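Numbering (our numbering), first residue to last: 0 to 363. Here's the structure we're looking at; comments come further down.
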């Protein structure tokens, strides 16, 4: 058992000491105990446990607040949701021969631009007072350490804007902050003028990557004007305008959260990227006597296979495409195990050597 103490400002100007009983066996923070004490006796220890516990406690309120269009930093949601939705849109335009215009925006240093007083005002309407006080404390007196020109001496300074990055709560606070801005932007967007327009989603978002969808491109000037109220700035160099009619082909080259919309082109790109990652570690794979096979396999799954299968849950593969992908996967496995011609090995023996079957269709 471990006691963790952190101060939190109370409504009467005093400080509350929140003492958490941390059970290392279950890795969970139990209920807090509070005690009022003076500012002169503030002593606390930094820990990542409290932000994680607060994130879990406010999660139901956050889920009720966020729009369904936001897939970033939410349970059971991922970039695959974004890619799948774009694939559905492209399939619908190809089937029904209609035009859809997508305005994709990206924001510059969005996490560092949050005005903390604004996020606290938003949270007041969402979460309980106890949780709000803890969030207020976590956002206060944050210190950033920097090193300039390779200097070994850290140069700390206080930061009063943005969310302190590095814990699990910060991205959640950002999505709440952005949702408030998007609610205001939605009031400026034109209403769908057809039943078809009401069938398609008007917005797809993953954190600060937001796509506005409609029969016309969104007004970037109005969007920027609204976002500036929240100290958020659109990166105009990364703004994308995509047209999805049957006759156009340029949309097939557009990437959304790192994936191409067309499956076979995305798979080929994944193969190229994973091959590059594999080649960068050639020295590692060739050290047969120095690195254990189990370690190589673990590194391969973490550094190469994760690139190959990024957003693979959004793919709709034919049997032939699946077999080709598995063959490519086996080729990579042979390389990390240093199995070369003329030596031959059956697929069954290869998978056995890898400890368990690891085909693309297996549960990875």
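Quick reminder that beta carbons are idealized off the backbone N, C-alpha and C, glycines included. Predicted model, so just to flag it, every value in this text is computed and none were measured.
Residues that DSSP places opposite residue i in a beta bridge
i, result
"residue 240", "102"
"residue 155", "144"
"residue 233", "106"
"residue 166", "164"
"residue 271", "None, per the DSSP bridge assignment."
"residue 69", "204"
Residue interval of the alpha helix (DSSP H) (run including residue i)
i, result
"residue 345", "Note, residue 345: premise wrong, no alpha helix (DSSP H); not H, not E."
"residue 49", "48-64"
"residue 135", "128-137"
"residue 299", "292-299"
"residue 324", "318-335"
"residue 91", "78-95"
"residue 372", "The first residue shown for the chain is 0 and the last is 363, placing residue 372 beyond what the model contains."
Integer Cβ distance of residue i from residue j, believed to fall under 8 Å
i, j, result
"residue 204", "residue 68", "5 Å"
"residue 88", "residue 99", "6 Å"
"residue 145", "residue 157", "Wrong, their Cβ atoms sit about 12 Å apart, outside the cutoff."
"residue 226", "residue 180", "6 Å"
"residue 258", "residue 178", "Wrong, their Cβ atoms sit about 24 Å apart, outside the cutoff."
"residue 200", "residue 219", "Not quite, the Cβ-Cβ distance comes to about 19 Å (not below 8 Å), so this is no contact."
Cβ-based burial, residue i [other Cβ within 10 Å; buried from 16]
i, result
"residue 347", "exposed"
"residue 85", "buried"
"residue 63", "exposed"
"residue 92", "buried"
"residue 215", "exposed"
"residue 295", "buried"
"residue 318", "exposed"
"residue 310", "buried"
"residue 249", "exposed"
"residue 59", "exposed"
"residue 206", "buried"
"residue 166", "buried"
"residue 52", "buried"
"residue 112", "buried"
"residue 279", "exposed"
"residue 162", "buried"
"residue 109", "buried"
Short CB-CB distance (under 8 Å) between residue i and chain C
i, result
"residue 315", "The structure shown contains no chain C; it holds only a single protein chain."
Per-residue DSSP class, three states only, for residue i
i, result
"residue 117", "helix"
"residue 260", "coil"
"residue 204", "strand"
"residue 212", "strand"
"residue 223", "helix"
"residue 255", "strand"
"residue 175", "helix"
"residue 248", "coil"
"residue 40", "Bear in mind that the predicted position of residue 40 carries a pLDDT of just 32, short of 50, making it unreliable; the figure below should be weighed with that in mind. It is helical."
"residue 180", "helix"
"residue 112", "coil"
"residue 276", "helix"
"residue 378", "Residue 378 falls outside the range modelled here, since the chain spans only 0 to 363, and no answer is possible."
"residue 24", "Here the model assigns residue 24 a pLDDT of 39, short of 50, so the residue's position is not dependable, and the following value carries that caveat. Of the three classes helix, strand and coil, the one that applies to residue 24 here is coil, per DSSP."
"residue 266", "helix"
"residue 190", "coil"
"residue 304", "helix"
"residue 289", "coil"
"residue 352", "helix"
Distance cut-off 7 Å: residue i Cβ against heavy atoms of the ligand ADP
i, result
"residue 111", "Of the ligands one can find in the structure shown there are none, so the ligand ADP has no counterpart to examine."
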